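J.:
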Amino acid sequence: MLHLAAAVDRPGSFGAAPYVELAQLAERGGLDFVTLDDSFARPGPDALAVLSRVAPATRRIGLVPTLTTTHTEPFRVQAAVATLDWASCGRAGWRIDVSTTEGEARLFGRRPAAPADALWAEAGETADVAAKLWDSWEDGAEIRDVPTGRFLDRTRLHHVDFTGTAFSVKGPSTVPRPPQGHPVRVVDATEGPARTTAARYADVALVRAATPAQAAAVRQQLRDRAAESGRNPDTLRILASLLVDLGDGEHAAEPGHGGGGPRPTPEGPLYRGGPVDLAELIATWHTEGVTDGFHLTPVEPRRDLERLVNGTVALLQHRGLFRTFYPGSTLREHLGLARPANQYAVTGGTS
Numbered sequence: 001m002l003h004l005a006a007a008v009d010r011p012g013s014f015g016a017a018p019y020v021e022l023a024q025l026a027e028r029g030g031l032d033f034v035t036l037d038d039s040f041a042r043p044g045p046d047a048l049a050v051l052s053r054v055a056p057a058t059r060r061i062g063l064v065p066t067l068t069t070t071h072t073e074p075f076r077v078q079a080a081v082a083t084l085d086w087a088s089c090g091r092a093g094w095r096i097d098v099s100t101t102e103g104e105a106r107l108f109g110r111r112p113a114a115p116a117d118a119l120w121a122e123a124g125e126t127a128d129v130a131a132k133l134w135d136s137w138e139d140g141a142e143i144r145d146v147p148t149g150r151f152l153d154r155t156r157l158h159h160v161d162f163t164g165t166a167f168s169v170k171g172p173s174t175v176p177r178p179p180q181g182h183p184v185r186v187v188d189a190t191e192g193p194a195r196t197t198a199a200r201y202a203d204v205a206l207v208r209a210a211t212p213a214q215a216a217a218v219r220q221q222l223r224d225r226a227a228e229s230g231r232n233p234d235t236l237r238i239l240a241s242l243l244v245d246l247g248d249g250e251h252a253a254e255p256g257h258g259g260g261g262p263r264p265t266p267e268g269p270l271y272r273g274g275p276v277d278l279a280e281l282i283a284t285w286h287t288e289g290v291t292d293g294f295h296l297t298p299v300e301p302r303r304d305l306e307r308l309v310n311g312t313v314a315l316l317q318h319r320g321l322f323r324t325f326y327p328g329s330t331l332r333e334h335l336g337l338a339r340p341a342n343q344y345a346v347t348g349g350t351s
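At position 125 of the sequence shown the residue is numbered 125 (UniProt numbering), and the sequence of numbers has no breaks.
1) So what's Arg42 in DSSP terms, helix, strand or just coil?
2) Just curious, the alpha helix (DSSP H) that Asp128 is in, first and last residue?
3) Rounded to a whole number of angstroms, what is the C-alpha to C-alpha distance between Val34 and Ala23?
4) Taking the alpha helix (DSSP H) that Asp85 belongs to, which residues open and close that run?
5) Below 7 Å CB to CB, which residues in the same chain sit around Arg144 once its five sequence neighbours on both sides are set aside?
6) For a quick check, are the C-beta atoms of Glu333 and Pro340 less than 8 Å apart?
7) Quick one: using the 10 Å Cβ neighbour count with 16 as the cut-off for buried, is Ala189 buried or exposed?
8) Alpha helix (DSSP H) containing Ile143: first to last residue?
9) Looking at C-alpha atoms only, which residue of Glu102, Gly192, Gly247 and Ala210 is the closest neighbour of Phe40?
10) Taking the alpha-carbon positions, what's the Met1 to Glu73 distance?
11) Would you kindly work out how many angstroms separate the C-alpha atoms of Ser168 and Trp120, rounded to a whole number?
12) Relative to the C-alpha of Pro179, which candidate in Asp38, His318, Ala5 and Arg91 has its C-alpha closest?
13) Residue range of the beta strand (DSSP E) that Val218 falls in?
14) Quick check: the Cα distance between Leu316 and Ala5, rounded to an integer number of angstroms?
15) How about Ala227 and Pro233: are their beta carbons less than 8 Å apart?
16) Helix, strand or coil: how does DSSP classify Val276 here?
17) How many whole angstroms separate the CB atoms of Trp137 and Arg154, which I take to be in contact at a CB cut-off of 8 Å?
18) Three-state secondary structure (DSSP) at Asp234?
19) Which residues mark the beginning and the end of the alpha helix (DSSP H) in which His158 is found?
20) Would you list the one or two residues that DSSP bridges to Ser241?
21) At what residues does the beta strand (DSSP E) containing residue 365 begin and finish?
22) Work out the CA separation of Val204 and Arg237 for me, nearest whole Å.
23) Just mark Ser99 as buried or exposed, buried being the case when its beta carbon has 16 or more other beta carbons within 10 Å.
24) Measure the C-alpha to C-alpha separation of Leu321 and Val129 and round it to an integer number of angstroms.
25) Using the Cα positions of Leu281 and Arg231, report the straight-line distance between them to the nearest angstrom.
26) Does DSSP put Gly260 in a helix, in a strand, or in coil?
27) Does the structure place the segment 41-58 close enough to the segment 295-315 that three or more beta carbon pairs sit under 8 Å?
28) Can you tell me whether Ala194 is buried or exposed, with buried defined as 16 or more other CB within 10 angstroms of its CB?
29) Per DSSP, which residues does His3 bridge with? Please list them.
30) What does a CB cutoff of less than 7 Å around His182 pick up in its chain, not counting 5 residues either side in sequence?
31) Identify whether Gly247 lies in helix, strand or coil by the three-state DSSP scheme.
32) Ala345: which of Ala79, Arg319 and Arg177 sits nearest, CA to CA?
33) Please report the distance separating the alpha-carbon of Gly140 from that of Pro172.
Here it is in C-alpha cells:
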C-alpha cells in the first residue's frame, strides 16, 4: 500500500483559513495525513492549535502537528495530543522534534542547550511515557452512571510511575484513552541521533533521501534497529521526504530532478518538474520497495498542492497505485496500523 502525506506550512500566515483550505485539498486527494511544522526558533502560529481548528473542517485526513519535547512538560504534551485525537475523532498524530539552540533555551530559562543525542534520548523517553499515559485509562474507564453517581471505574485507572533522565511522571493522564489508543507518532529520522528514537517509538519515520539507494539503505537500517529494540519492523512506516516544485506544469522534469532522482539542496531533496514525472518517480521508488510512501512539502503551498492532488495523485489512482477513497476513519487505519492493546489492561500494571 502506497502512503502519501503533505506539509501544509504557510510561512507568514496566522489566520486559520489558508490551513483549512490546504487540508481540505489534501483530503480531496485521499492523502493519509498533513503535517504542520512548528519551532521555538521562528515566529508563527501554534501548530497544534491550528490543526485543532482544521479538525472540524475535515472528516478523514490525519492531522500531524510538530510538538517539541525539549523545554516542554511531557504530561502536558501527551494530553494535548490526546485531546486533538478526541477532537478529530481519531485522526491525530504527533511529529516529535527537539530544540537544540541556545537561543531557544533562553526563551524558557530553565536549562542550557544540550547535544542532539541527549535531546533525542529525552524525546524517546517522552514518547515512551506518552504511550503509558494514553494507556493509564483503560477503555471503558468512564462509566457515566447517573443513577449511582459513578463517573469512573477507578480500577481501570493506572499510575505510570515513570522516572527518566530529565523528568518523572506519576499519572494517570487527565484525558481518557484516545480513540486510536495511541495517536500516531512521527519522527524525521534523517539525522543519526533521531534514528534510534524513530526505530523504537515512531509509527512513521520520515527520511530525506535524494536517491533510491539512499532511501533503501536508511529504510533497512531503521527496520533493523526496530527489530533489535523488540518491535515488529512491519509496524513502522518509512516515508521519503521531498520538496516539490510543480511550477513547470506539464513540462518534463529538469535534469537531476525527475527520473534521475531529486536534486540535493540545503533544505532537502528537491523535485522540480511536472506532475506526470513526479507520479512516475513515486511509482518507481515504491514498486522497487525502497520506501512505503512519500511526505511531500510544496515549495509554493497552494499551487503545488493543487497540482499534486489533481495531477500526480490522480495519475497514481488511475494506475491503481493509490486509494480513491478512505476505507477507514482513523489515521491508524489509513496507515494500516492496528490499534495498540492497553499495556496495563494486558499486563495488569500498577494501579
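Idealized CB from N, CA, C, for every residue including glycine. Since this is a predicted model, take the numbers as computed values, not measurements.
T.: Reading off the structure:
1) coil
2) Ala116 to Trp134
3) 7 Å
4) Pro74 to Ala87
5) Phe151
6) A distance of 8 Å or more separates the beta carbons of Glu333 and Pro340.
7) The C-beta of Ala189 has 16 or more other C-beta atoms within 10 Å across all chains shown, which makes the residue buried.
8) Ile143: not part of any alpha helix (DSSP H); member of the beta strand (DSSP E) spanning Glu142 to Asp145, first to last residue.
9) Glu102
10) 36 Å
11) 17 Å
12) Arg91
13) Element bounds for Val218: not the beta strand (DSSP E) but the alpha helix (DSSP H), Pro212 to Glu228.
14) 14 Å
15) yes
16) helix
17) Incorrect: roughly 11 Å between the Cβ atoms, too far for contact.
18) helix
19) Counting along the chain, His158 falls outside any alpha helix (DSSP H), and DSSP gives it neither H nor E.
20) His295
21) The shown model of the chain, from 1 to 351, leaves out residue 365, and the question about it has no answer.
22) Taking the straight line from one Cα to the other gives about 5 Å.
23) Buried, by the Cβ-count rule.
24) 37 Å
25) Cα-Cα distance, rounded: 30 Å.
26) Below a pLDDT of 50, predicted positions are generally treated as unreliable, and Gly260, at 48, falls in that range; the measurement from the model is reported next regardless. Note: Gly260 maps to coil in three-state DSSP.
27) Contact between the segment 295-315 and the segment 41-58 is absent: fewer than three C-beta pairs spanning the two stretches fall below 8 Å.
28) buried
29) Gly293
30) Ala131, Trp134 and Pro340
31) Coil at Gly247, not helix or strand.
32) Arg177
33) 15 Å
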